[in-house]
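Report on the structure given below.
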Amino acid sequence: MEQRRNVTEFVLLGLTQSPQGQKILFLVFLLIYMVTMVGNLLIVVTVVVSPTLDSPMYFFLGYLSFMDAVYSTTFTPNMIIDLLSEKKTISFQACMTQLFIGHLLGGAEVLLLVVMSYDRYVAICKPLHYLTIMNQRVCVLLLLLPWVGGFLHALAHPLFVYNLPFCGPNVIDHFICDMYPLLKLACSDTYTIGLTVVANDGAICVVIFMLLLISYGVILHSLKNLSQEGRHKALSTCGSHITVVVFYFVPCIFMYVRPPSTLPIDKSLTVFYTIITPMLNPLIYSLRNGEMKNAMKRLWASVRN
1 MEQRRNVTEF VLLGLTQSPQ GQKILFLVFL LIYMVTMVGN LLIVVTVVVS PTLDSPMYFF
61 LGYLSFMDAV YSTTFTPNMI IDLLSEKKTI SFQACMTQLF IGHLLGGAEV LLLVVMSYDR
121 YVAICKPLHY LTIMNQRVCV LLLLLPWVGG FLHALAHPLF VYNLPFCGPN VIDHFICDMY
181 PLLKLACSDT YTIGLTVVAN DGAICVVIFM LLLISYGVIL HSLKNLSQEG RHKALSTCGS
241 HITVVVFYFV PCIFMYVRPP STLPIDKSLT VFYTIITPML NPLIYSLRNG EMKNAMKRLW
301 ASVRN
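The sequence shown begins at 1 in UniProt numbering and counts up by one.
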């Protein structure tokens with residue numbers, strides 16, 4: 001334990017060392033963060049105040065947008081501030097907190113995507129029993145499962161890292177605190193812990209990704225029983241869900257389904273699933289969903305009046 005206390009803070013190298021590049025990235029990511037917050041909070045408000053969006057699908061979509069807003073806030077503001085700071089440091093405790101919250105929200109969002117795929121399966125494959133199966137009590141229970149699963153998933157990360165000996169150096173070649181860059185700095189053999197990370201993060205990503213693809217395959221196969229209008233609507237909704245699933249899981253699988261190591265591309269992939277994807281989600285769902293667009297138009301009209 002005494003060995004670890006030699007390092008009380010970490011230095012984050014960030015995305016670039018170029019002063020000009022940092023200024024450009026500051027403006028880019030500030031704009032992305034503003035779009036992310038406005039888009040996701042607009043969906044949350046629209047779902048809450050619109051009586052036409054009272055189905056379980058929009059209930060879960062509202063919580064997905066809420067998670068995206070909080071998830072982005074976990075990383076983006078610190079990164080934006082660091083881009084204009086000469087001293088890009090984060091305390092050991094703050095690093096552990098960011099590590100835990102990031103994986104908590106990331107794990108919860110992954111499991112929420114599973115819940116949303118189940119909701120679409122019931123709606124399309126068992127439409128007559130949809131409201132009976134997806135009643136309010138079931139929806140609340142299904143919403144709690146991602147938080148419980150995300151908590152258990154995230155808890156392992158700081159537990160593995162907290163008591164590792166960090167005796168120097170303390171420079172993290174990243175813009176956030178994540179497992180592989182931290183394990184690289186530890187003054188002890190971390191290979192076993194790295195394999196545990198692969199099992200905890202990588203295996204979970206692969207298994208859930210395959211389950212989601214299979215579930216949406218079953219859903220799309222069942223569309224032949226629907227009318228042309230129902231088929232078009234279901235395809236639009238499922239297409240949005242599948243797009244979000246691919247955007248989120250492909251970078252995560254590349255990051256964690258490999259021997260424990262750090263690669264130069266890791267920072268770009270992390271930017272994609274921690275900053276870009278939370279911005280794209282509301283655009284994907286709102287642009288491909290007629291009911292959501294109409295509800296937003298009504299909300300905007302009521303605000304103007």
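Virtual Cβ for every residue (Gly too), placed ideally from N, Cα, C.
Let me know if residue i comes out buried or exposed under the rule of 16 or more other beta-carbons within 10 Å of its beta-carbon.
i	result
S85	exposed
T277	buried
residue 346	Nothing about residue 346 can be reported from this structure: the residues present for the chain run from 1 to 305 only.
M116	buried
T52	exposed
E2	Caution applies to E2, whose pLDDT of 43 falls short of 50 and renders its modelled position unreliable; the value that the coordinates give is listed next. The residue in question, E2, is exposed, as its Cβ has fewer than 16 Cβ neighbours within 10 Å.
M34	exposed
S188	exposed
residue 306	For the chain, the structure presents residues 1 to 305; residue 306 sits outside this window and is missing.
T192	exposed
E109	buried
D54	exposed
N294	exposed
G106	buried
K88	buried
G217	exposed
Roughly how many whole angstroms lie between the Cα atoms of residue i and residue j?
i	j	result
G202	T74	22 Å
V7	C177	14 Å
M37	Y285	15 Å
N170	S240	42 Å
A94	P181	15 Å
R4	Q17	Residue confidence is low: R4 scores 45 on pLDDT, short of 50, so the model does not pin down where it sits. Its coordinate-derived value is still stated next. Looking at the two C-alpha atoms, the distance is approximately 28 Å.
M292	I43	8 Å
F175	H221	42 Å
L72	R120	Here residue 72 turns out to be Ser, not Leu, going by the sequence shown. S72 and R120: Cα-Cα distance of roughly 26 Å.
D266	V28	19 Å
F66	C252	21 Å
F160	P259	17 Å
Y248	W300	30 Å
Examine the ligand ADP and report whether any of its heavy atoms sits within less than 7 Å of the Cβ of residue i.
i	result
F249	This structure lacks the ligand ADP; in fact it carries no ligand of any kind.
With DSSP as the reference, identify every bridge partner of residue i, one or two as the case may be.
i	result
E9	S91
V171	V11
(message) Taking contact to mean 3 or more Cβ pairs, one atom from each stretch, closer than 8 Å, check whether the region 145-165 and the region 89-106 are in contact.
(response) Touching, yes, given that three or more Cβ pairs across the two stretches are closer than 8 Å.
(request) Could you tell me whether the region 161-168 touches the region 128-137, where touching means 3 or more Cβ pairs closer than 8 Å? (result) The count of Cβ pairs closer than 8 Å, one atom from the region 161-168 and one from the region 128-137, stays below three, leaving the stretches out of contact.
(message) Would the region 196-216 count as touching the region 32-52 if we require 3 or more Cβ pairs under 8 Å?
(response) Two segments are said to touch when three or more pairs of C-beta atoms, one from each, lie closer than 8 Å; by this definition the region 196-216 does not touch the region 32-52.
(request) May I ask you to verify whether the region 185-204 touches the region 226-234, counting CB pairs closer than 8 Å and requiring at least 3? (result) no
(request) List in chain order: all unbroken alpha helix (DSSP H) runs of 4+ residues lying wholly within the region 181-228. (result) Counting only runs of 4 or more, we get 191-197 and 203-221.
(request) Kindly provide the ranges of any beta strand (DSSP E) runs that are 3 or more residues long and lie completely inside the region 65-108, ordered along the chain. (result) 89-91
(request) Let me know the alpha helix (DSSP H) ranges lying completely inside the region 240-284, each 4 residues or longer, listed in chain order. (result) 266-271
(message) Check whether the region 18-28 and the region 261-275 are in contact - that is, three or more C-beta pairs closer than 8 Å.
(response) Result no; under three Cβ-Cβ pairs closer than 8 Å.
(request) Any chance you could list the alpha helix (DSSP H) runs of at least 4 consecutive residues sitting entirely within the region 97-162, in chain order? (result) Counting only runs of 4 or more, we get 130-133 and 136-162.
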